[in-house]
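At position 115 of the sequence shown the residue is numbered 984 (the working numbering), and the sequence of numbers has no breaks.
We put the CB at the ideal spot given by N, CA and C, even for glycine.
Just so it is clear, the structure is predicted and the values come from calculations on it, not from any experiment.
Written out below as structure tokens is the structure these notes cover.
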Amino acid sequence: MMENNRVISKGLFLWLSTLSLILLMVMVTGLWYFISPRLHEFNQALPFVLLSALRIFFLILVIGTILVFLTSVFEKNFLIANFAVKLFIRFMYPICIFVGKIFRIRKEKIGESFVSVNDSLIKALNPKYNASDVLILLPHCLQDTSCPIRITVIPDNCKRCGKCNIGDISKLAEEFGVDIAIATGGTLARRIVLKKRPKLIIAVACYRDLVSGIQDAFPIKTFGILNIRPQGPCINTKVDVQTIREALNKIVIKKDE
Ligand code: SF4
């Protein structure tokens, strides 16, 4: 069921990306029709040359889109996963938000879908890193509001009492030997990343912080895990710890490997 939800979630962003590319092709072709008579006056062969170049460009776009679909759905590297990560993180999100507005699709849905696609493209690359190169970055809102302990500067202060997920994640970080940090906001998160210089981040946050975090941290790969908000945003949030374990299992090189 969870896997089905993930596929549906990925689907929204992938379809919006495809739609954006179709709109781009229609607009560029329309422009060609508009300017081709003038080009013909300039040089008779020019409209034909330009049309041929456009057809080759469109063919590359179509093949590229099919490969991105396959990469994202099957989480296997169909030749272009590395390029797809760059393309999707750098350009496709704002374009999809723009197209999504036309169809009145909520930004939150598109953001969640973007995070799913980002994660599946990272999985397709099958990255392997030493534990010292991986950072688990958590939002402060995961901490139970009744907890008096200050954990933002020193996460090790957590007593692992079980009232919130921070304790379980601390145990997990210790088990895998990876670093853990807790940020109170985007600015602090950026500062932590600059200071610790990880090669891969496993970040927990809401869709908005994950989207900006994934884009800001690039080219560092960020595996995003959406938090759960039973009491609304930014208070006593939760996360599926098993998802973090699965990500660590996939990414961190074990000592005996
Ligand atoms: S698990 Fe850690 S952070 Fe969470 S309430 Fe207990 S001591 Fe505080």
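| Query | Result |
| --- | --- |
| Through-space distance from valine 986 to valine 1080, alpha-carbon basis | 11 Å |
| C-alpha gap between leucine 1069 and asparagine 1096, whole angstroms | 19 Å |
| Residues that DSSP places opposite proline 1008 in a beta bridge | Ala1052 |
| Status (buried if at least 16 other CB within 10 Å, exposed otherwise) for glycine 1054 | exposed |
| C-beta neighbour in chain D for leucine 893, strict 8 Å | Structure shown: chain D not included; a single protein chain is present. |
| Inter-stretch contact (C-beta, 8 Å, three-pair minimum) for the region 880–887 and the region 964–979 | yes |
| Spatial neighbours of phenylalanine 938 in its chain, beta-carbon cut-off 7 Å, leaving aside the 5 residues before and after | Leu883 |
| Residues sharing a beta bridge with glycine 1093, DSSP | Ala1072 |
| Any non-hydrogen atom of the ligand SF4 closer than 7 Å to arginine 1029 Cβ | yes |
| contact_flag[the region 972–989, the region 1047–1066] where n(CB pairs < 8 Å) is 3 or more | no |
| Residue burial classification, cysteine 1010 (beta-carbon count within 10 angstroms, cutoff 16) | buried |
| Uninterrupted alpha helix (DSSP H) stretches inside the region 956–1018 (no shorter than 4 residues) | 962–971 and 976–994 |
| 8 Å CB neighbourhood of leucine 908 in its chain, flanking five on each side removed | Leu915, Pro916 and Leu919 |
| Beta-carbon spacing of aspartate 988, phenylalanine 1092 below 8 Å | yes |
| Check: glutamine 1012 C-beta below 7 Å from any heavy atom of the ligand SF4 | yes |
| C-beta contact flag for isoleucine 958 and isoleucine 1089 at 8 Å | no |
| Any non-hydrogen atom of the ligand SF4 within 7 Å of cysteine 1103 CB | no |
| Reference valine 1062, options Leu1006, Val931, Ile1122 and Lys978, closest by Cα | Leu1006 |
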